[in-house]
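This report refers to the structure that appears directly beneath it.
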């Protein structure tokens with residue numbers, strides 16, 4: 001029995017086992033330099049193009065410069081976000097070509113910030129997208145969903161085919177007039193405190209929304225056990241402060257362990273009923289000591305791979321100042 005995750009990893013990634021060695025390798029190379037990574041921290045809005053679609057992203061420069069307790073970095077758009085949104089939503093992304101994602105997938109994001117850009121780019125291709133951050137993000141995040149509701153974004157062709165078979169209706173999956181609506185209505189924002197909240201309750205936010213939209217009743221197949229987990233967990237540029245590393249990694253691990261942990265399967269071995277959660281962490285290269293601290297903590301909880309340049313393309317490959325790693329939760333000891 002083939003293991004699609006193992007095939008994905010073998011063709012796309014380099015296995016990482018040593019934090020100090022990985023940090024030395026990555027930070028000894030020449031990388032692009034610039035400011036902290038803002039697109040334009042003074043503009044009230046910025047225009048961004050993703051896969052040929054134009055988005056207007058509203059920001060809150062005044063909030064960024066405020067003394068709000070708990071941080072304000074999510075108040076503006078960061079340079080890595082459009083690049084990552086372009087890559088993760090592309091029809092050639094290996095998560096799609098290896099059938100690890102489909103239009104039936106449910107995706108969660110940590111530290112989404114105000115832009116909603118990754119959610120807007122990816123939501124048309126999946127069943128539901130759950131974006132999480134602190135409460136101060138909610139108002140502008142919602143404004144960006146509303147401002148970009150009319151941006152067309154077709155799901156991958158493979159997703160259309162799966163959707164037609166699963167739902168028994170090709171009209172819904174191919175109607176261009178329905179796509180902008182889906183891009184907004186299947187995105188949920190909820191707050192998530194990495195130190196205080198319970199990740200196992202996250203999916204309830206989606207179910208509650210679905211119940212309210214369906215008049216209080218959500219159909220579930222008989223015999224299906226409750227799935228509190230996600231197919232994909234994303235994080236884009238959340239690692240910049242050593243104090244945040246431990247709660248961030250712990251939250252990632254707790255969310256990923258809502259699904260089975262990953263163990264490479266032997267030929268003929270039975271597969272778990274549900275696919276392990278794949279976690280993708282993208283970040284800008286800043287302080288090597290912060291990166292090494294993050295990786296050392298992460299390796300305790302996860303198997304880790306770094307995606308290769310030919311998979312990431314020009315926007316995220318080594319030397320651009322950005323890194324993308326794949327995490328799969330270890331069995332809890």
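Numbering (UniProt numbering), first residue to last: 1 to 333.
From the three backbone atoms N, C-alpha and C, an ideal C-beta is built for every residue, glycine too.
- Contact between residue 234 and residue 118 holds: their C-beta atoms lie close to 7 Å from each other, under 8 Å.
- Here the alpha carbons of residue 317 and residue 331 stand approximately 30 Å from one another.
- Secondary structure note for residue 302: its beta strand (DSSP E) is the uninterrupted segment 302 to 307.
- CA-CA distance, residue 185 to residue 90, rounds to 21 Å.
- If you compare the alpha carbons of 308, 112, 122 with that of residue 53, the shortest gap goes to 122.
- In the pairwise beta carbon analysis, the region 45 to 59 is classified as not touching the region 100 to 111: fewer than three pairs are separated by under 8 Å.
- Pairing residue 240 with residue 87, the inter-Cα distance amounts to about 22 Å.
- Annotated three-state conformation of residue 11 is helix, per DSSP.
- The Cβ atoms of residue 324 and residue 280 sit closer than 8 Å to each other.
- According to DSSP, residue 132 shares a beta bridge with 190.
- Restricting attention to 146, 29, 244, 21, the CA atom closest to the CA of residue 321 is found in 29.
- The DSSP-derived three-state label of residue 99 is coil.
- For residue 254, same chain residues with a beta-carbon under 7 Å away, outside a window of 5 residues either side, are 199 in chain order.
- Across the set 144, 305, 27, the C-alpha of 27 shows the shortest separation from the C-alpha of residue 289.
- Taking the Cα of residue 309 as reference, the smallest distance to any Cα among 46, 276, 93, 49 is reached at 93.
- Note: residue 284 is bridge-paired with 322 in the DSSP secondary-structure output.
- In summary, residue 99 is exposed, with fewer than 16 beta-carbon neighbours lying within 10 Å of its beta-carbon over all protein chains present.
- For residue 302, the closest of 139, 285, 257, 232 by C-alpha to C-alpha distance is 257.
- At the C-beta level, residue 294 and residue 245 come within 8 Å of one another.
- Per the coordinates, the alpha-carbon of residue 124 lies some 27 Å from the alpha-carbon of residue 40.
- DSSP links residue 78 through a beta bridge to 38.
- 76 is the residue among 76, 81, 25, 20 whose C-alpha sits nearest the C-alpha of residue 45.
- For residue 185, the uninterrupted alpha helix (DSSP H) segment begins and ends at 179 to 185.
- At the C-beta level, residue 129 and residue 187 come within 8 Å of one another.
- Apart from the 5 residues on each side of it in sequence, residue 315 sits with its Cβ closer than 6 Å to the Cβ of 83 in its chain, given in chain order.
- Minimum Cα-Cα distance from residue 25 among the listed residues 236, 12, 291 corresponds to 291.
- In the structure shown, the three-state DSSP call for residue 92 is coil.
- In the structure shown, residue 205 adopts helical secondary structure according to DSSP, grouped into three states.
- In this structure, the CA atom of residue 43 is about 8 Å from the CA atom of residue 58.
- Here the alpha carbons of residue 63 and residue 329 stand approximately 35 Å from one another.
- When the beta-carbon positions are compared, residue 20 and residue 306 stay at least 8 Å from each other.
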